[in-house]
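As you go down the protein sequences, you meet chains W and V in turn. Numbers 129 to 354, taken from the numbering used here, label the letters of the first sequence in order. Numbers 129 to 354, taken from the numbering used here, label the letters of the second sequence in order. Note that beta-carbon positions come from the ideal geometry of N, C-alpha and C, so glycine has one too. Here the structure is a predicted model, which is why all the values come from computation and not from measurement. What follows is a short report on a single structure.
Protein chains: 2
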Amino acid sequence: MEDIFQETDLFEGLSTDQRDKIIKKGFHQVLKPKSILFQQGDPAERFYMVNTGRLKLTKLNEQGKEVIMRYIGAGELTAAITSLKDWEYPLTAESVEDTEVTGWDKAGVLNMIETYPKIAINLLNIVLTRIDDIQHRYLELSTERVEQRVARTLLRLMRSAGLKKTEGILIDLPLSRQNIADFSGTTLFTVSRTLSAWEKKGWIKSGREKITITAPHSLVLFSENA
Amino acid sequence: MEDIFQETDLFEGLSTDQRDKIIKKGFHQVLKPKSILFQQGDPAERFYMVNTGRLKLTKLNEQGKEVIMRYIGAGELTAAITSLKDWEYPLTAESVEDTEVTGWDKAGVLNMIETYPKIAINLLNIVLTRIDDIQHRYLELSTERVEQRVARTLLRLMRSAGLKKTEGILIDLPLSRQNIADFSGTTLFTVSRTLSAWEKKGWIKSGREKITITAPHSLVLFSENA
DNA sequence: CGCTCTATTGATAAACCTCAAATACAGTGG
DNA sequence: CCACTGTATTTGAGGTTTATCAATAGAGCG
Chain W
129 MEDIFQETDL FEGLSTDQRD KIIKKGFHQV LKPKSILFQQ GDPAERFYMV NTGRLKLTKL
189 NEQGKEVIMR YIGAGELTAA ITSLKDWEYP LTAESVEDTE VTGWDKAGVL NMIETYPKIA
249 INLLNIVLTR IDDIQHRYLE LSTERVEQRV ARTLLRLMRS AGLKKTEGIL IDLPLSRQNI
309 ADFSGTTLFT VSRTLSAWEK KGWIKSGREK ITITAPHSLV LFSENA
Chain V
129 MEDIFQETDL FEGLSTDQRD KIIKKGFHQV LKPKSILFQQ GDPAERFYMV NTGRLKLTKL
189 NEQGKEVIMR YIGAGELTAA ITSLKDWEYP LTAESVEDTE VTGWDKAGVL NMIETYPKIA
249 INLLNIVLTR IDDIQHRYLE LSTERVEQRV ARTLLRLMRS AGLKKTEGIL IDLPLSRQNI
309 ADFSGTTLFT VSRTLSAWEK KGWIKSGREK ITITAPHSLV LFSENA
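As structure tokens, this is what we get:
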């Protein structure tokens with residue numbers, strides 16, 4: 129798999145040694161698939177970085193309806209600044225596969241920043257990227273039709289978890305119709321119908337919790353113009 | 129008007145003197161109503177703080193459909209960290225009334241942070257509050273019905289721009305049905321119908337570009353339970 | 001092989017948008 | 001002060017999109 133980071137690495141500008149030193153100080157944790165790392169509403173004690181595997185970040189509303197805010201993989205952070213304030217986690221983090229994370233508490237972050245000020249800048253960059261992303265998605269949710277949003281969701285997942293295969297690009301995580309719906313702001317039925325249509329067109333191939341994008345370009349065109 | 133800030137003040141923890149000194153170094157600008165301060169896509173040279181008046185922050189999609197991301201008033205910031213990177217403004221800022229702003233460029237911010245490190249922390253807090261807010265709204269947009277979202281929009285505006293009057297709380301900015309629609313992710317027609325219904329129930333009183341909330345409690349109940 | 005979870009598909013209904021037409025309102029210039 | 005003009009708003013009719021519900025089929029696992 130290629131090393132594509134959509135955002136600044138937390139350790140950008142630091143040497144491998146410095147990086148290793150910081151990681152050694154962190155709190156390491158291994159998660160089986162479908163384990164909860166932390167839950168929306170819990171006091172935010174630590175922030176985490178994913179080493180391997182993948183986390184699903186979700187938010188629940190009062191009626192218990194779930195929305196997927198994002199999936200994060202190797203090198204990406206969650207709850208980065210929430211843990212700096214004495215706040216509650218604004219969302220729930222759950223592993224979707226075998227996952228290893230490193231966590232630091234408030235003192236750890238402050239220490240880290242003090243020793244390597246560049247980290248504060250990197251943090252700001254990461255946060256800015258997040259705001260940009262969520263604002264973009266807000267705009268899409270507000271102005272675009274369901275099928276278009278589903279297309280964008282698949283493309284996002286492809287970029288962050290895509291694995292090149294002979295038939296196309298496999299989205300390398302267990303992904304149900306319900307997951308796609310929660311990520312796109314629709315229902316699993318609509319997603320199912322949409323994917324069936326795309327499969328007939330030859331744009332994708334799909335199985336149980338598995339999707340391969342066979343015609344990315346068509347999907348991109350559709351997501352932008354339809 | 130009361131001094132209600134939903135977010136940390138940029139100058140929290142600083143003395144009035146220090147605050148004044150920083151403000152004096154800024155770039156001051158006076159805007160007539162409906163002036164553009166900066167436009168989505170322009171290179172982000174400065175970030176701004178509102179002194180008096182109010183800015184509308186909007187984002188356009190490729191098809192030219194507009195979404196209102198937020199209104200900001202006295203003490204609030206926009207483009208805070210975008211200007212730190214050499215990026216483009218991700219949205220457009222337009223005054224909705226006579227407005228005075230102070231701006232600082234990248235060098236100004238860095239200088240500010242160096243002299244008063246507390247400002248970096250305040251910045252992080254502000255950014256965090258923003259992320260929280262936009263994620264909340266994303267959840268709402270994704271899971272709630274139009275009328276509920278309109279109710280939430282009115283309540284948000286009430287909290288940030290409410291002015292106590294004898295009949296109720298006036299939202300103190302020129303606010304068309306279209307504006308409310310752009311803020312709630314719907315159309316002006318649906319907003320109009322909704323407001324008419326609420327006016328019949330006695331929850332609000334409305335005129336041309338003007339809305340007074342006469343029964344805030346009912347609206348809150350509705351926004352949470354319906 | 002049977003159990004459970006996921007996915008498909010169809011029928012129906014609800015929510016909401018689009019478009020058209022009429023009306024109300026605020027300012028402007030005579 | 002009044003008519004005029006340009007917006008803003010209201011309301012109705014009709015259509016589209018999408019959700020909901022129900023029933024069935026398929027996949028994986030012990």
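Discussion item. Using the three-state DSSP reduction, which class does K292(W) fall into: helix, strand or coil?
Written reply: One-based indexing of the first sequence puts residue 292(W) at position 164. Strand, per DSSP.
Practice prompt. Identify the contact partners of R258(W) in chain V, using a Cβ-Cβ distance below 7 Å as the criterion.
Written response: Position 130 of the first sequence, counted from the first residue, corresponds to residue 258(W). The contacting residues are I259.
Discussion item. In the DSSP output, which residue or residues are listed as bridge partners for D233(V)?
Written reply: Mapped onto the second sequence, residue 233(V) falls at position 105. Bridge partners of D233(V): R174(V).
Practice prompt. Mark K149(V) as exposed unless 16 or more other C-beta atoms lie within 10 angstroms of its C-beta, in which case mark it buried.
Written response: In the second sequence, residue 149(V) corresponds to position 21, counting from 1. Exposed.
Discussion item. So that I know if they touch, is there some Cβ in chain V lying closer than 7 Å to that of G192(W)?
Written reply: What you label residue 192(W) is simply residue 64 of the first sequence in a count that begins at 1. False, the Cβ-Cβ gap to chain V never drops below 7 Å.
Worksheet entry | Interfacial residues, the segment 269-282 of chain V to chain W, with Cβ spacing under 8 Å | L269, S270, T271 and E272
Worksheet item: Tell me which same chain residues have a C-beta within less than 8 Å of the C-beta of R277(W), skipping the five on either side of it?
Response: Taking the first sequence and counting its residues from 1, the one referred to as residue 277(W) is at position 149. Excluding residues within five positions, the ones whose Cβ falls inside 8 Å are E268, L269, S312, G313 and T314.
Fill in: Selected residue, minimal CA-CA separation from A208(W), among L188(W), A235(W) and K193(W)
Position 80 of the first sequence holds residue 208(W). Check the Cα spacing between A208(W) and each of L188(W), A235(W) and K193(W): the tightest is with A235(W).
Discussion item. Beta-carbon within less than 7 Å of K153(V)'s beta-carbon, same chain only, minus the 5 sequence neighbours each way: which residues are those?
Written reply: For the purposes of this step, residue 153(V) is taken as the residue at position 25 of the second sequence. Excluding residues within five positions, the ones whose Cβ falls inside 7 Å are G236.
Fill in: Other residues of its chain near A289(W): CB distance less than 6 Å, five sequence neighbours each side excluded
Residue 289(W) sits at position 161 when you count from the first residue of the first sequence. Result list for A289(W): I299, D300 and L301, in chain order.
Fill in: Under 9 Å (Cβ pairs) to chain V, residues found in the segment 218-229 of chain W
Per Cβ criterion, the list reads P218 and L219.
Item to complete: Express the C-alpha separation of L285(W) and T294(W) in angstroms, rounding to a whole number.
Response: Looking up residue 294(W) in the first sequence gives position 166. Looking up residue 285(W) in the first sequence gives position 157. Answer to the nearest angstrom: the Cα atoms are 18 Å apart.
Fill in: Within chain W, partners of K246(V) - CB distance below 9 Å
Against the second sequence, residue 246(V) aligns to sequence position 118. Ordered by position in chain W, no residue passes the 9 Å Cβ test against K246(V), which lies about 13 Å from the chain.
Item to complete: Provide the residue(s) that pair with I341(W) in DSSP beta bridges, ordered along the chain.
Response: Here residue 341(W) is taken as the residue at index 213 of the first sequence, counted from 1. Note: I341(W) sits in a beta bridge opposite I297(W) and I332(W).
Fill in: Spatial distance of S351(V) from L349(W) (CA atoms)
The count along the second sequence starts at 1 and reaches residue 351(V) at position 223. The count along the first sequence starts at 1 and reaches residue 349(W) at position 221. C-alpha separation (whole angstroms): 38 Å.
Worksheet item: Interface residues of chain V around L252(W) at Cβ under 8 Å?
Response: As a first step, residue 252(W) must be located in the first sequence, where it is residue number 124. Residues of chain V passing the Cβ test: I209, L212, L251, L252 and V255.
Worksheet entry | Proximal residues, the segment 196-207 of chain W versus chain V, C-beta separation under 9 Å | From the segment 196-207 of chain W, only M197 have a Cβ closer than 9 Å to chain V.
Worksheet item: In angstroms, rounded to a whole number, what distance separates the CA positions of I132(V) and T322(W)?
Response: Looking up residue 132(V) in the second sequence gives position 4. Looking up residue 322(W) in the first sequence gives position 194. Here the model assigns I132(V) a pLDDT of 40, short of 50, so the residue's position is not dependable, and the following value carries that caveat. Those two C-alpha atoms are separated by around 47 Å.
Worksheet item: Whose C-alpha, out of G169(W), T180(W), R147(W) and D145(W), is nearest the C-alpha of V158(W)?
Response: Position 30 of the first sequence, counting from 1, holds the residue named residue 158(W). It is T180(W) whose Cα lies nearest to the Cα of V158(W).
Item to complete: For my contact list, Y176(W) and T230(W) are in at a C-beta cut-off of 8 Å; report their separation, rounded to the angstrom.
Response: As a first step, residue 176(W) is located in the first sequence; it is residue number 48 there, counting from the start. As a first step, residue 230(W) is located in the first sequence; it is residue number 102 there, counting from the start. Confirmed, Cβ separation roughly 7 Å.
Worksheet item: Out of G335(W), W326(W) and L165(W), which has the shortest C-alpha to C-alpha gap to E228(W)?
Response: The residue given as residue 228(W) occupies position 100 in the first sequence. Minimum Cα distance to E228(W) is reached at L165(W).
Item to complete: Determine the extent of the beta strand (DSSP E) in which K187(V) is found, giving its start and end residues.
Response: To locate residue 187(V), count along the second sequence from 1; it is residue 59. Looking at the DSSP string, the run of the beta strand (DSSP E) that includes K187(V) is L183 to L188.
Worksheet item: When you compare each of K338(W), T342(W), G296(W) and V274(W) to F317(W) by their alpha carbons, which one comes out closest?
Response: Against the first sequence, residue 317(W) aligns to sequence position 189. Nearest option by C-alpha distance: V274(W).
Worksheet entry | Alpha carbon of G203(W) to alpha carbon of A354(V), nearest angstrom | The count along the first sequence starts at 1 and reaches residue 203(W) at position 75. The count along the second sequence starts at 1 and reaches residue 354(V) at position 226. Whole-angstrom Cα-Cα distance: 41 Å.
Fill in: Where I308(V) meets chain W, residues with beta-carbon distance less than 7 Å
As a first step, residue 308(V) is located in the second sequence; it is residue number 180 there, counting from the start. Neighbours of I308(V) on chain W: none; closest Cβ ~13 Å, over 7 Å.
Discussion item. On the criterion of 16 or more Cβ atoms from any shown chain inside 10 Å, does E190(V) qualify as buried, or is it exposed?
Written reply: For the purposes of this step, residue 190(V) is taken as the residue at position 62 of the second sequence. With fewer than 16 other Cβ atoms within 10 Å, it is exposed.
Discussion item. Is there a Cβ of chain V sitting closer than 7 Å to that of L185(W), yes or no?
Written reply: On the first sequence, position 57 is the one that residue 185(W) refers to. No, because no Cβ of chain V sits closer than 7 Å to the Cβ of L185(W).
Fill in: CA-to-CA distance, Y199(V) to T136(V), given in whole angstroms
As a working note, residue 136(V) is residue 8 in the second sequence. As a working note, residue 199(V) is residue 71 in the second sequence. Whole-angstrom Cα-Cα distance: 16 Å.
Worksheet item: Which residue comes first and which comes last in the alpha helix (DSSP H) that contains L303(W)?
Response: Sequence index remark: in the first sequence, residue 303(W) carries index 175 (1-based). That residue, L303(W), is in no alpha helix (DSSP H); it is neither H nor E in DSSP.
Item to complete: List the residues of chain V whose Cβ lies closer than 7 Å to the Cβ of R305(W), in chain order.
Response: Mapped onto the first sequence, residue 305(W) falls at position 177. Near R305(W) there are no residues of chain V at all, since even the closest Cβ is about 16 Å away, more than 7 Å.
Fill in: Where S242(V) meets chain W, residues with beta-carbon distance less than 9 Å
Translated into positions along the second sequence, residue 242(V) becomes position 114. The sequence shown places Glu at residue 242(V), rather than the Ser named in the question. Here the premise fails: no neighbours, minimum Cβ distance about 10 Å.
Discussion item. Would D214(V) and R174(V) qualify as a contact pair, given that the criterion is a beta-carbon distance under 7 Å?
Written reply: Locating residue 214(V) in the second sequence gives position 86, where the first residue counts as 1. Locating residue 174(V) in the second sequence gives position 46, where the first residue counts as 1. A distance of 7 Å or more separates the beta carbons of D214(V) and R174(V).
Fill in: Proximal residues of chain V, C-beta to C-beta of Q263(W) below 7 Å
Your numbering for residue 263(W) matches position 135 in the first sequence. Neighbours of Q263(W) on chain V, chain order: K187, M197, P218 and I262.
Item to complete: Verify the CB distance criterion: does Y176(V) have a CB-CB separation below 7 Å to chain W?
Response: Working through the second sequence from its first residue, we reach residue 176(V) at position 48. No, Y176(V) lies away from the interface with chain W (no Cβ there is under 7 Å from its Cβ).
Worksheet item: What's the gap between the Cα of L303(W) and the Cα of G141(W)?
Response: As a working mapping, residue 303(W) is identified with position 175 in the first sequence. As a working mapping, residue 141(W) is identified with position 13 in the first sequence. A direct Cα-Cα distance of roughly 35 Å separates L303(W) from G141(W).
Worksheet entry | Selection from L291(V), T281(V) and W331(V) that minimises the alpha carbon distance to D310(V) | Along the second sequence, read from residue 1 onward, the residue named residue 310(V) stands at position 182. If we check each option's Cα against that of D310(V), T281(V) comes out closest.
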